[in-house]
Amino acid sequence: MQKTIRYAIADDHKLFRKGIIAALEDMPALKLVLEAENGRDLLNNLNKAKPDIILLDLKMPEMDGIETTIEIRKLDTDVKIIVITMLDDEKYVIHLMEIGANGYLLKNAEPEEIKEAILTAYENGYYFNDFVNKALLRKLVHKTQLKPVFNNNIELTSRELEVLKLICQEQTANEISKLIFLSPRTVEGIRTKLLEKIGVKNTAGLVMYAVKNRIVE
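Counting in UniProt numbering, the sequence shown runs from 1 upward without gaps.
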């Protein structure tokens with residue numbers, strides 16, 4: 001039986017909010033559990049709604065998307081946050097990924113990409129489109145204002161390197177498990193160990209570490 005993905009949406013523009021909800025209605029696996037006009041409204045109802053995915057606008061009254069992301073991560077480290085915004089400035093992408101967002105979409109994204117982002121973030125923990133990938137890589141190249149807290153003298157095992165490379169290829173835990181003949185739980189355990197060893201909080205940090213250290217190109 002396919003698991004139901006519970007999602008919440010926070011956006012102060014009612015027309016856009018309703019449009020997204022309508023666009024997602026043809027996905028039976030999705031269930032809307034919370035609709036909010038701003039970050040504070042979202043946070044006040046988060047524990048009761050218990051969403052798996054949050055679609056979050058950045059510019060909102062009372063509490064914006066950046067403040068909301070920070071507060072969500074204090075409360076729940078498992079819920080996936082996909083930012084949907086008009087702001088196409090790369091500095092927002094970098095900052096949001098660093099503080100715990102799992103994806104970043106522009107509001108002109110096609111409904112199919114929003115659906116793909118939800119499913120990918122739910123299954124894989126993150127969703128990187130070309131816009132996000134380019135922003136992350138450009139930041140690494142220019143090395144401006146990027147201060148990842150990487151641990152020094154890291155020694156990764158051959159298996160950890162193998163999993164890290166596959167994570168950078170956007171493979172899910174289930175897909176990785178089939179490729180290297182391990183259980184999904186074991187793969188998740190290796191991913192957790194990588195986060196601890198490298199000293200990052202999420203998959204974006206793993207990818208940045210791998211690129212910076214030329215583990216992947």
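Glycine included, every Cβ here is placed at the ideal spot set by N, Cα and C.
- [ ] Could you tell me the distance, in whole angstroms, from the CA atom of GLU188 to the CA atom of LEU194?
- [x] Each residue's Cα considered, the two are about 10 Å apart.
TODO: Could you check the C-alpha separation between LEU56 and LEU46 for me, to the nearest Å?
DONE: When rounded, the distance between both Cα atoms is 13 Å.
Task: Contact under 8 Å by Cβ, ARG17 with ASP52 - done: Going by C-beta atoms, ARG17 is not nearer than 8 Å to ASP52.
Task: First and last residue of the uninterrupted beta strand (DSSP E) at LEU106 - done: 103–106
Open item on the list: What does the alpha-carbon distance come out to for the pair PRO148 and ASN44?
Closed with: Model confidence at PRO148 stands at a pLDDT of 44, short of 50, so the residue's coordinates are unreliable and nothing is read from them.
Task: LYS80 vs TYR122 beta-carbon contact at 8 Å - done: Contact flag set, yes.
TODO: Report the three-state DSSP secondary structure of VAL83 (helix, strand or coil).
DONE: For VAL83, the three-state secondary structure derived from DSSP is strand.
Task: Helix, strand or coil at ILE99 according to DSSP, with G and I counted as helix - done: Judged by DSSP in its simplified three-state form, ILE99 adopts helix.
Task: Start-to-end residues for the beta strand (DSSP E) that takes in TYR7 - done: 5–10
Open item on the list: What residue range does the beta strand (DSSP E) around ILE53 cover?
Closed with: 53–56
Open item on the list: Just verifying my parser: in three-state terms, what is the DSSP assignment at LYS134?
Closed with: helix
Open item on the list: Between which residues of its own chain and GLY125 is the CB-CB distance below 6 Å, once the five residues before and five after are set aside?
Closed with: THR203
- [ ] Report yes if the CB atom of GLY39 is closer than 8 Å to the CB atom of MET63, and no otherwise.
- [x] yes
TODO: Along the beta strand (DSSP E) that carries VAL211, what are the first and last residues, could you check?
DONE: From DSSP, VAL211 is part of no beta strand (DSSP E) but of the alpha helix (DSSP H) over 203–212.
Task: Cβ-Cβ separation, ALA8 to ALA29 (assumed contact under 8 Å), whole Å - done: The Cβ separation is near 15 Å, so there is no contact.
Task: Near the ligand ZN: ASN47 beta-carbon under 7 Å from a heavy atom - done: Among the ligands in the structure shown, none appear at all, so the ligand ZN cannot be discussed.
Task: Simplified DSSP assignment, three categories, for GLU155 - done: coil
Task: Where LEU146 sits in the DSSP three-state scheme - done: Confidence is the limiting factor: at LEU146 the pLDDT is only 44, short of 50, which leaves the residue's position unreliable, though a coordinate-based value still follows. In the structure shown, LEU146 sits in coil (DSSP, three-state: anything other than H, G, I, E or B).
Open item on the list: Please report the distance separating the alpha-carbon of GLU160 from that of ARG191.
Closed with: 8 Å
- [ ] Mark ILE82 as exposed unless 16 or more other C-beta atoms lie within 10 angstroms of its C-beta, in which case mark it buried.
- [x] buried
Task: Those residues which DSSP pairs with TYR127 across a bridge - done: GLY103
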